[in-house]
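Residue numbering for the sequence shown follows UniProt numbering, starting at 1 and increasing by one per position.
Cβ atoms here follow ideal geometry from the backbone N, Cα and C, with glycine treated the same way.
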Amino acid sequence: MSDPVTLHDIYLARQRLAGQAARTPLILSQTLSARFDAEIYLKLETLQPSGAFKLRGALNKIASLSPDQLERGVTTASTGNHGRAVAWAARRLGARAVICLSELVPANKVAAIEALGAEARVIGRSQDDAFVEARRLVAEAGMALIEPFDDPLIVAGQGTIGLELMEDLPDLDRVLIGLSGGGLLGGIGRAVKGIHPEVQVTGVSMQKGAAMLDSLAAGRPVEVEEEASLADSLGGGIGLDNRCTFALVREVMDDHYRVSEPATARAMLHFFEQEKMLVEGAAVVGLAAIEEHALDIRGQKVALIVSGNGVDAETLMRARTLIDYPPR
């Protein structure tokens, strides 16, 4: 049985985050709106102090810990952005942080975590491998585990994005959200549908290694093999003992799409060249889905969650090699 995440929980999270996480802007993209004959808005989670939406959930969770728990420190396993968020929040609250990562996490994200004063431990070839080390630290050192997504407090923190969306754009028709473990989509989905049930919640994953989509198709959480991707932040499993996000995503998500590496690359380069934003692959999969699947959004008000800025020049150059740009 899943742990419930209610709209009330999300409002409580917003109170905890006040003065800590940023209320990020929602801006109209003139270029995308003209291109798709719709009003397309960008929710810029790239402007969080840690560079990604993950700060909301991490702060909400760590703010709930006792002084004794903070004294023993915190740990997590992460594909990068959650690790940065935990490191940022731990430093702000004076707690030691050990972030466990797999070998697939780009070097720039490892460096960003270390720059925040946390210890980065690179373990194995998957997030599941990294989680083994994080759980060892919990068992042997008494550290508090800050789950990347499968925790009601984490989900409620991410859900504060949905509250801001509905306040800034109350007649929103559709929101496209990168889908990995489901904390972001589950939280936003719970918030927007709790306020306006008709909003269409669309999840987007990479073509291969989409753990949540494969699990939903199987009717239960399943393991998937992780593969390198421009949208690396969407990698990782959902946990065979998933207690929160699997059921929540199944409840609030209306439809979903998988996007190819070239489509993600085109979207990254659009943001760089047209929107003048340097953002990671996972942050642009909403645009990739609209383009690759020719979604009919004409006349709609659509929000894209631009989830993080964890990208380096080398990755952007790799994106350029995958495509003929601009798209034909």
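With 16 other Cβ atoms within 10 Å as the buried cut-off, status of residue i
i	result
PRO197	exposed
HIS270	buried
GLU314	exposed
ARG92	exposed
SER307	buried
GLU225	exposed
PRO170	exposed
HIS82	buried
ARG298	exposed
THR6	exposed
residue 387	What is shown of the chain runs 1 to 328, which leaves residue 387 out entirely.
MET1	Per-residue confidence for MET1 stands at a pLDDT of 44, beneath the threshold of 50, marking its modelled position as unreliable; no derived number is given.
LEU32	buried
GLN158	buried
LEU28	exposed
GLY219	exposed
ALA210	buried
SER78	buried
ALA191	buried
Rounded Cβ spacing between residue i and residue j (contact assumed at less than 8 Å)
i	j	result
ALA231	MET206	5 Å
GLY310	GLU275	Contact doesn't hold; Cβ gap of about 17 Å is too wide.
ALA58	ALA38	That belief does not hold up - the Cβ atoms of ALA58 and ALA38 are roughly 33 Å apart, past 8 Å.
LEU322	GLU261	6 Å
residue 332	ALA267	Coverage of the chain is limited to positions 1 through 328, which leaves residue 332 absent and any answer about it impossible.
ILE305	ILE177	5 Å
ARG56	THR160	6 Å
Cα-Cα separation between residue i and residue j, rounded to whole angstroms
i	j	result
LEU295	GLY189	20 Å
ARG318	SER102	21 Å
ASP68	ILE154	20 Å
ILE238	ALA228	17 Å
ALA18	THR264	33 Å
LYS43	VAL138	35 Å
ALA120	VAL110	7 Å
LEU104	ARG125	6 Å
ILE10	ALA156	5 Å
ALA283	ILE40	15 Å
ALA21	GLN48	7 Å
SER215	ASP128	16 Å
ALA141	GLU133	11 Å
GLY94	LYS61	15 Å
From the options, residue whose alpha carbon lies closest to that of residue i
i	options	result
GLN200	HIS256, LEU70 and LEU322	HIS256
GLY203	GLU226, GLY194, MET253 and LEU240	MET253
THR76	ILE40, THR264 and MET143	MET143
GLY236	VAL284, GLY182, GLY186 and GLY187	GLY182
LEU185	GLU164, GLU225, ARG250 and LEU240	ARG250
PHE149	ILE195, GLY94, GLY73 and ASN242	ASN242
GLU71	ILE123, MET277 and ALA97	ALA97
ALA118	ARG125, ARG136 and ILE99	ILE99
LEU145	VAL192, ALA90 and GLU164	ALA90
THR46	ALA63, ARG14 and PRO25	PRO25
ARG258	ALA283, HIS293 and LEU240	HIS293
GLU164	ASP151, LYS61 and GLY187	GLY187
PRO152	LEU316, LEU12, VAL122 and GLY73	LEU12
GLY51	GLN300, LEU278, ALA218 and VAL285	LEU278
LEU240	GLY73, THR160 and PHE131	PHE131
Coil, strand or helix - residue i by DSSP
i	result
THR6	coil
ALA313	helix
VAL204	strand
ILE27	strand
PHE255	Looking at the sequence shown, residue 255 is not Phe but Asp. Three-state DSSP puts ASP255 in a strand.
VAL302	strand
GLU39	strand
ILE62	helix
ARG174	strand
ARG328	For ARG328, the pLDDT reaches just 41, beneath the cut-off of 50, and the residue's location in the model is therefore unreliable, although a value from the coordinates is still provided. Coil.
LEU116	coil
LEU44	strand
GLY308	strand
ALA77	strand
VAL98	strand
VAL122	strand
LEU145	strand
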